[in-house]
Amino acid sequence: MSDELRAQQEERLGRVWASPPGWRYWSAVNNTEVGRWYTATAFAFFLFAGVLALLVRAQLAVPENDLVPAGRYNQLFTLHGTAMMFLFAVPIFEAVAILLLPTMLAARDLPFPRLSAFGYWCFLIGGVFVCGSIFFNAAPDGGWFMYPPLTTNPKLTGIGADIWLLGLSFIEVASIAAAVELIVGVLKCRPPGMRINTMPLYCWYVLIVGGMILFAFPPLIAGDILFELQRLADWPFFDPARGGDPLLWQHLFWIFGHPEVYIVFLPSIALLAMMVPSFARRPIIGYSWIVLAAIGTGFLSFGLWVHHMFTTGLPAISLGFFSAASEAVAIPTGVQLFVFLATMLAGRMVMSVPMLFAAGSLAIFVCGGLTGVMVAIAPFDWQAHDSYFVVAHLHYTLGGGMLFPLFAGAYYYVPLVLGRPLSDRWGKRAFWLMFAGFNIAFLPMHFTGLRGMPRRVFTYPAGIGWDWLNLVSTCGAFLFAAGVLIFTIDLFIGVRRRAAAPANLWKSGTLEWVGPLPAPDYGIRSVPAVSSRYPLWDQPELPREVAEGRWYLPDAQEGKRETLVTSVLDAEPEQCLRVPGNSFLPMLCAVLIGASFIGTAFHYYWSSLAIGVAGILAIMVWLWRGTAVIPDADDKDIGRGLRLPLYVSGPRSVGWWAMFITMFGDMTAFASLVFGFFYFWTIHEVFPPRLADGSPMGPGLLWPAVAAVTLAASWGAMLWARERNAADSPLGLRLGLLAGMALGLASGGAMLWAPWQAGLDPVSHAYPATVWVLLGWAALHLLLGVLMQAYCLARSLASKLTRAYDIDIHNVVLYGHFATLTGAVTLAVTALFPLLS
Amino acid sequence: MVLRLRDRADLWTLLMPPTVWATHFLYCYVVAAVQCAKAGISLTAPEGGQAFAALGMVRPLVAAGTAVALLLIVIGARQAWRHTGGGFHDLPHDAATPEDRQRFLGYATLLLSALSFVSVIFIALPAFLIRDCR
Amino acid sequence: MVARLFWVMLVAGAVIWLAMMLLALHASRRRQAPWSDRSAARLILWGGAVTPTLILAALLVFGLGLMPTLRAPGDGLRIEVQGEQFWWRIRYTLPDGRSLTTANEVRLPRGQRSEFLLTAQDVIHSFWIPALGGKMDMIPGATNRLVLEPERTGQFRGVCAEFCGSSHALMAFSVEVMEPADFDAWVAAELAPAATPRGEGAALFMARGCGACHTVRGTAAAGRIGPELTHLAGRHSLGAGILPNDAATIDRFIREVNVIKPGARMPGFAMLPAAETAAIAAWLGSLR
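In order, the protein sequences belong to chains A, B and C.
Numbering of the first sequence is given in this note's numbering, commencing with residue 3 and proceeding in unit increments.
Numbering of the second sequence is given in this note's numbering, commencing with residue 7 and proceeding in unit increments.
Numbering of the third sequence is given in this note's numbering, commencing with residue 693 and proceeding in unit increments.
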C-alpha cells in the first residue's frame, strides 16, 4: 500500500468521523465526544455533591452549630446522597465505558451513537434540574431514600419530592439506554477473533453491570410511578389507612438500592483489573476467577436488599436469608482482591501513581468490606443501623471500592483520552492528601456511631462524647477536598502544559493502547484480528500493521461511518455496520422529553402532555431518518478480501439485541408492579377487599376476557404480518399491521374499561389502585405497540420496509411478544385472582 | 432452555448455577414471608409476645427446595466438568481457539457452581437456626 | 452478647486487614523472583475463596443463632411508645393491669425484660437507646416489638434513628434504669394526679387553651394532641430530650418552640405577655 493511498484513507476517515466546528459541535454523537462530555459532567456533579458534603461537615464540626438551619441541612444531605449516587457514581461508569469500551474493542464507535448522545443530554438536563433546585431552596429534603409517608405527605415535603422523583426517573431511563448500548457493544462489536475467553476483563464487568442495571433500575422506576401517583393523584399505595404500606416503597427502593452499590463498585474494580496486569507486566492470574467473581457478585447483590431493612420488624427468618446472602457476597468480592494480589505476586510490580491509588483503595476497601461483614449480622446491625457507623462503612466501601480506583483509572487513562499524562509529583501529593483526609474523616465516624450518634442529624448536643470526633471528621473532609482540588487543577490546567505522552506509555497489553495518543476522531486506524488476551504483548507486529491500515475497515470510501459487528461467542465477522452521524435530533428529543417531565413536576399536566407527544414524534423522526437505512449495496469488501453484508435483520442485527435487552428491563419493571400486587396480598387478611355484598372487589370477568381475546388476535395478526412480509406480500403485511393495530387498541381499551365499568376507585384503597396501575401499564404497552405498527406501515408504504429490508418488522414483533406477555399476565393477575379468594 | 444438557458451553450454561441460586433464594424468602405474614400472630401483633407463629411447613419446604437446587447445581457442574475436557489442564484457557473458549466457559461455570452451591447452603441455614416467626 | 460478638469481629477483622496489607506491601516491594503461576493460583483458591467461606460460615451460624435469643419475649412490663413529629407518647402497662401515660422519658426496672410496642402516628421513626440495645423502627400502620433487658442502673439517652423531618435531630428522650423497688415507687408517684392543680399558672394554662392539647391529670386539661405534662418537672429533660428541665427553659420553650424545634406542631406563644408565660412555666416547673 502506497503512502499516498494511506494518507488519502486517513484523510477520508478523519473527514467522516470529524465533529463539526462551531456551535454545531454540540450535534456530535461520536463516542469520543459524548464520552468526554459525559465524564466531565459526572465529575462536575461529583464536585458539586462534594461541596454539599463539606457544608454538612462544617455544620457538624461543633455541637449546637447554627451555620446551616435544619431545613437547609436536610436538603444538603439529601442532595449529597442523591447526586453522588445518581449523578456521579452510575453515570461515571457509563461515561467511562462509552469513552473506553470502543477503544478496547477496536471498534470505531458503539452501535447506537445517537442513543449515547440522547442519554447524555437526558443526564445533563435531569441532573441540572435536580441539583439546581437547591439554589431556590426547593431541593428534595426527605433523604436520598425518600421514605414515605414523610415524602408522600405534601404538607411535610414540598416540590422537592416531585423534583427528585421526576428528575431521577428521567435520568434512570437514560441509564437503562446506556446499559443496553454497552451490553450490545460488548456482545456484538468485538474485533474478529476476540472470543469470549479473550475479552479484556473490563468488558466482562461492563457486560455484567449492564445486566445488573437492567434488573435493578426498573424496580425503582416502578416505585417512582407508584410514588408519583400517590403524590399527584392520591392513589394510596403507601398509605396504611387505605390498605397501602410504606414498607412496599422500602422494598422497591432497596431492590434497586443494593445492587446499585455493586453497579458502582464493579466498574471501578474493572479499571483495576486492567491496570494491575499492566504494572505487574504479566497476564492476570485467575481470569476465570474474575469472571466468576463478577457474575457471582452480580447475582448475589440482588439478595441483599432487606439488610437495609433489618430494623423494620420483619420476621427474624426473613432477615436470616438476607443476612446469609450478605455474608455470601463477601466471597466473590474477596476473590477479586486476591486475584489482584496473586497477579502482583506473580509479576514484577512497577510502582506508579495509578498503583498508589490502587493500593490505597485496597486498604480502604478491605476495611469497608470487613465492617460490611459485621453489619450483615442482623444483631449487630440492630445496634449500628442508621448510626454513623454505617456512614463510615458505606463511605469506606464506596471510597475504597469506587472512588480511589476511579482516581487510579484517571491517572492511568487520562493520557489515552487527552494525549497528555497527569503530573506524577502532584498525583502523589493528591493521593496522600486524599488518603489521609479520607481516613481522618471517616475512621472516627465508626466510633461516633458506636457512641450512639444517629445519621442525618443537623445538630447534636455537647458533652455526650461526640464533639471532638466530629471535629476531627470535619478536618479530614477538608483535607480530602484539598486532594481532590489538586487533582482537578491538574486535570483541567496542569495537563495542558505537559508534553505529549508516547504511545502505550504504561507498556500495557490491551488494544486501547495500540495507536498514537490521543487517538484521532475515528479511533483505531484499522480493525485487527486478535488472538490473545494481551494482543500488544503477544502480537508484536500488531501496532505497526494497524497503523499502516493493513487490517479491516482501513478506509471510508463511501463517506459513511462504519464499524464491525461480530458474533457473540466467537467474534466471527457478521456485518459491516453503518452507524449514524452527527445530529441535533438526540438533543432535541432529550430537551422535549425532559421538559415534559419537568412540567409534570410543576403540575402543568396539559402542556407536559403536549410536549411529551412532540418528543415522541421527534423520536419517530430520528428513527425514520437514522435507523434501518437501506444501503446502496448489499455487501462490502472491508479489506483482506473479506466481504460482509451491510444490512442484516432479526437476531443477527444489533437493533434486535437492543430491543430484546430493553424488554428484559421492561419486564423487570412490570414484575415489580406484580410484586406490589402480591405484596399487598400477603399483608392483608382479606385481599382483594370485599364489596358490600361480600363478593371480592375486582374488574369482573367479561371485559378482561374481551381484552384477552383481542390481545391474542392482535398478536396473531402481527405474526401473520411478518410472515406475509417474508413471503414478499406488502399487501398482507399492511393488512396484518392494520388488523394488529385495531385489535391492539381494542384490547387496551377493554383493559381500561374493565375497572372503570366495575367502579373501582383508585383513591379508595390500594387494591383498586394496583389493579388500575397494572392494567394501565399493559394498555400503555399495547398503545406503544400500535404506534410501532403504524411506523412499520408507514415504512412499508414508503418502501423502506420490504422483504429484503425487514429490520423494523422483526423488532416490532419482538416487542409484540413481550407486550403480549405483559398483557396476558396482567389479565390473569387482575381478573383471575379475585376468583381464588 | 437453560437446564437442558448441552454439548456446547455458552453464556446460558454459564448463568445456570447462579440462576438456580437466585430462584432458590426467592423461593425461600417467599415461603417464609407468606407463612409468617399469613400466620396471623407475628412479631408485629401485640399479643404479649408469648405466642410467636410457628414456622409450620417452612422447614420441610425449604429443605426440599434446597435439595432440588443443590441437585441442579451439581448437574450443571457435571456438565461444566465435561466442557472443561474433564480436568483443569491447559489453564488459563487464553488461546483464541474454540477449544479454549469451551474450556474457559466450562471452568468458569464450575467455579460459579461452587459459589452457588455454598451460597444455597448459606441461604438455607436460617430456616434451621430460627425456630419461629418472631 | 452483641458486644462480645463485636469485639471478636473487630479483632478478626483487624487481623485480616493487616494480613492483606502485608501481602500487598510484600507484593509491591518484593525484589526476589516472582511467585510461580501455580502458587499464585493457589493463593486465590485458599486465601480468596476457601478461608473466607469458612470464616463467614462460622460467623453466620453464630449470628443467626443469636437472633431468636435477642427477640425472646419480655417478662412483664410492657411499654407502648408512639413516635410523633418530634416527640414520644409513652404508655406503661404494668403486670397488674394498671396503665400510666407519660411522654419523652422512659424508666425501666433493672434486670427485667421490658417489652416495647412501637408504633408511629405520622411518619416513620426509629426507637433507639444506644446504651441498652438495638433499635426498632416505628412505622405507621404497624406495631413492632422490641425487648430490652438493662443490666445496670443509670441515666441514658435515647434517640430517633430514622430521619423523620426537619427536627429529626431534636427528637431524643431521657432514659433511667432504676432498681425494681425504686421503679415501683416512681410508678406509684407517677400514677398520682398533679401535685399542685391550682394557682395562677394553672389558671392561665387553662385560659390560654393549653389544655386543648396537653393533659395534666388532676386538672381540667385533658388534651391528647401534645405530650402529657402531669409530672413534667420530675423528668430529666425538656422538649423530647433536648433541653435542661427548669422553669426558665420551659418559659422559653413556650414562647419560641417554633425556633427551637422547626416543624413542631405546637405554635410559639410569643404573643402572650411575658408575665403570663412565665407564670405558666413556673406552674409547670412545680409539677413533680
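By construction, the Cβ of each residue, glycine as well, lies at the ideal position given by its N, Cα and C atoms.
Pull the bridge partners of A/Asp637 from the DSSP assignment, please. Looking at the DSSP assignment, A/Asp637 forms a beta bridge with A/Pro647.
Out of C/Arg802, C/Arg781, C/Leu800, which has the shortest C-alpha to C-alpha gap to C/Thr794? Answer by Cα proximity: C/Arg781.
Tell me which same chain residues have a C-beta within less than 6 Å of the C-beta of A/Phe672, skipping the five on either side of it? The beta carbon of A/Phe672 sits closer than 6 Å to the beta carbons of Thr824 from its chain, once the five residues preceding and following it are set aside; these are given in chain order.
Using a C-beta to C-beta distance shorter than 8 Å, which residues of chain A count as neighbours of C/Ser720? Contacts between C/Ser720 and chain A, judged by CB atoms closer than 8 Å, involve Met346, Met351, Met353, Met357, Ala361 in chain order.
Thinking C-alpha only, which one of A/Pro691, A/Asp143, A/Leu837 is nearest A/Pro770? Checked all of A/Pro691, A/Asp143, A/Leu837; the closest Cα to A/Pro770 is A/Pro691.
With a threshold of 8 Å between beta carbons, is A/Ala380 in contact with chain C? A/Ala380 counts as touching chain C.
Would A/Leu737 pass as a contact of A/Thr712 if the rule is Cβ separation under 8 Å? For A/Leu737 and A/Thr712, no; Cβs fall outside 8 Å.
Using the Cβ count rule (16 or more neighbours within 10 Å means buried), how would you classify A/Pro653? Sixteen is the threshold: since fewer than 16 other Cβ atoms of the shown chains lie within 10 Å of the Cβ of A/Pro653, the residue is exposed.
Short-range partners of chain A found in the region 758–778 of chain C, where Cβ spacing is below 7 Å: Against chain A - using a Cβ distance shorter than 7 Å - the residues of the region 758–778 of chain C are Leu758, Met759, Pro760, Leu762, Arg763.
Assign A/Phe125 to buried or exposed, taking buried as 16 or more other Cβ atoms, counted over all protein chains shown, within 10 Å of its Cβ. Counting Cβ neighbours within 10 Å, A/Phe125 comes out buried, since at least 16 surround it.
Measure from the C-beta of A/Asp247 to each C-beta in chain B and report whether the shortest distance is under 8 Å. Residue contact with chain B for A/Asp247: absent (no Cβ-Cβ distance below 8 Å to any residue of chain B).
Around the C-beta of B/Met63, are 16 or more other C-beta atoms found within 10 angstroms, so that it is buried, or is it exposed? Here B/Met63 is exposed. Its C-beta has fewer than 16 other C-beta atoms within 10 Å.
By a C-beta neighbour count over all protein chains shown, 10 Å radius and 16 as the cutoff for buried, is B/Glu105 buried or exposed? By the neighbour-count rule (16 or more Cβ atoms within 10 Å), B/Glu105 is not buried but exposed.
Taking only beta-carbon positions, decide if C/Thr811 is within less than 8 Å of chain A. No, no contact with chain A.
In chain order, which beta strand (DSSP E) runs of at least 3 residues are fully inside the region 702–778 of chain C? Within the region 702–778 of chain C, the complete beta strand (DSSP E) runs of at least 3 residues are 770–776.
Check whether the Cβ of A/Thr450 lies closer than 8 Å to any Cβ atom in chain C. No - not a single Cβ of chain C is within 8 Å of the one on A/Thr450.
Chain A within 8 Å of B/Cys139, Cβ atoms only: Cβ-Cβ to chain A under 8 Å: yes for B/Cys139.
Comparing C-alpha positions only, which one of B/Leu118, B/Val37, B/Leu121 sits nearest to B/Ala69? From the listed residues B/Leu118, B/Val37, B/Leu121, the smallest Cα separation to B/Ala69 is found for B/Val37.
Does the Cβ of B/Ala120 have 16 or more other Cβ atoms within 10 Å, making it buried, or fewer, making it exposed? The residue in question, B/Ala120, is buried, as its Cβ has 16 or more Cβ neighbours within 10 Å.
Which of the three DSSP states is assigned to A/Glu514 in this structure? In this structure, A/Glu514 counts as helix in the three-state DSSP scheme.
Quick check on C/Thr793: does DSSP put it in helix, strand or coil? Shown here, C/Thr793 sits in a strand according to DSSP, grouped into three states.
Beta-carbon neighbours of C/Phe865, restricted to chain A and to distances below 9 Å: Correct list: empty, because the minimum Cβ distance to chain A is about 13 Å.
How about B/Ala75 and B/Thr115: do their beta carbons lie closer than 8 Å? Between B/Ala75 and B/Thr115, the C-beta gap is not smaller than 8 Å, which leaves the two residues out of contact.
Ends of the alpha helix (DSSP H) at A/Asn33? Taken as a continuous stretch (DSSP letters only), the alpha helix (DSSP H) holding A/Asn33 covers 33–62.
Coarse secondary structure for A/Trp1, derived from DSSP in three states: Because chain A here runs from 3 to 839, residue 1 of chain A falls outside it and cannot be looked at.
Against chain C, which members of the region 232–247 of chain A pass a CB distance test of less than 9 Å? Close to chain C, meaning a Cβ-Cβ distance shorter than 9 Å, are the following residues of the region 232–247 of chain A: Asp241, Pro242, Ala243, Gly246, Asp247.
What number of angstroms, rounded off, separates the C-alpha of C/Val703 from the C-alpha of C/Leu710? Answer to the nearest angstrom: the Cα atoms are 11 Å apart.
DSSP has C/Gly850 in a bridge; who is on the other side? In the DSSP output, where bridge partners are listed per residue, C/Gly850 has C/Phe865.
Here's the rule: buried if 16 or more other CB atoms are within 10 angstroms of the residue's CB, otherwise exposed. What is C/Thr761? Classification of C/Thr761: exposed, given that the 10 Å Cβ count is below 16.
Along the chain, which unbroken stretches of the alpha helix (DSSP H) at least 4 residues long are found entirely within the region 270–355 of chain A? For the region 270–355 of chain A, whole alpha helix (DSSP H) runs of length 4 or above, ordered along the chain, are 289–302, 318–330, 332–347.
Any Cβ of chain B within less than 8 Å of the Cβ of C/Leu752? Yes, C/Leu752 counts as interfacial toward chain B.
Identify the contact partners of A/Val320 in chain B, using a Cβ-Cβ distance below 8 Å as the criterion. The question names Val, but residue 320 of chain A in the sequence shown is Ser. Tyr35, Ala38, Ala39, Cys42, listed in chain order.
Report yes if the C-beta distance between A/Leu343 and C/Ala716 is below 8 Å; otherwise report no. Using a Cβ distance threshold of 8 Å, A/Leu343 and C/Ala716 count as a contacting pair.
To which residues of the same chain is A/Met404 closer than 7 Å at the C-beta, ignoring the five residues directly before and after it? Within the same chain, Ala91, Val266, Phe267, Ser270 come within 7 Å of A/Met404 by CB-CB distance, once the 5 residues on both sides are set aside.
Separation of A/Leu78 from A/Leu54, as counted between CA atoms: Computed Cα separation, rounded: 6 Å.
Would you call A/Trp608 buried or exposed, if buried means 16 or more other Cβ atoms sit within 10 Å of its Cβ? Label assigned to A/Trp608: exposed.
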